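Engineer: Numbering (my numbering), first residue to last: 303 to 440. Built from N, CA and C at the ideal position, the CB exists for glycine as well. The structure presented is a predicted model; accordingly, all values stated were derived computationally and were not measured.
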Amino acid sequence: MTEKVTLVIYVYNEYLNLKQIMPTIKKEWYDQLIIIDGGSTDGSYEYLKQKGYEIYKQKQPHWAGAYMEAYEHAKGDIIIDFSPDGNSITEKIPELVKKIKDNQFRLLVGPFKNFNTLKSAYISLNNLGFEGLNIYQE
């Protein structure tokens, strides 16, 4: 069975970053790309909509709300959360998918350029009820 990959990108006023990052994400890396916009006022939503991405305006507050809304729309067996702020590394997406498919990890967080961001994501996920997580960091 081929596992489907959903890439989820969370956006809040990331217009300039999106213009740089989105062209580097290759379509062959995922089966579904979902974008959750947290109420951007800088043109992020309009830019992504114009480019034809599957984008939703966040209705529930905070990160937990964004996560829950994304997972309602996700169709993949593997879900990868991604930040367009330049902290996540796009070129590592295929490697993350491979590690999950090879059963090396139950859940991957990262890799991030800033280890403090990784720790924050790990703590946030544990607070959402995810326990016993494996962290992948290079």
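Considering only residues of the segment 328 to 401, which uninterrupted alpha helix (DSSP H) runs meet the minimum length of 4 residues and lie entirely inside it, listed in chain order?
Structural biologist: With a minimum length of 4 residues, the continuous alpha helix (DSSP H) runs that stay inside the segment 328 to 401 are 346 to 352 and 364 to 375.
Engineer: Could you name the residues of the same chain whose beta carbon sits closer than 8 Å to that of Lys403, not counting the 5 residues immediately before and after it, in chain order?
Structural biologist: Around Lys403: Glu305 and Ile380.
Engineer: Find the nearest neighbour of Ser342 within the set Trp365, Tyr373, Ala366 and Tyr317, judged by alpha-carbon distance.
Structural biologist: Per the Cα distances, Tyr317.
Engineer: Name the one or two DSSP bridge partners that Tyr312 has.
Structural biologist: Partner(s): Ile338.
Engineer: Taking 8 Å as the cut-off, decide whether the C-beta atoms of Ile357 and Asp339 are in contact.
Structural biologist: Contact: yes.
Engineer: Label Thr308 either buried or exposed according to how many other C-beta atoms from any shown protein chain fall within 10 Å of its C-beta, with 16 as the threshold for buried.
Structural biologist: Buried.
Engineer: Have a look at Asp333 and Ala366 and give me their C-alpha separation to the nearest angstrom.
Structural biologist: One C-alpha to the other measures close to 24 Å.
Engineer: Going by the CB atoms, is the gap between Gln362 and Glu348 shorter than 8 Å?
Structural biologist: Not closer than 8 Å, so no.
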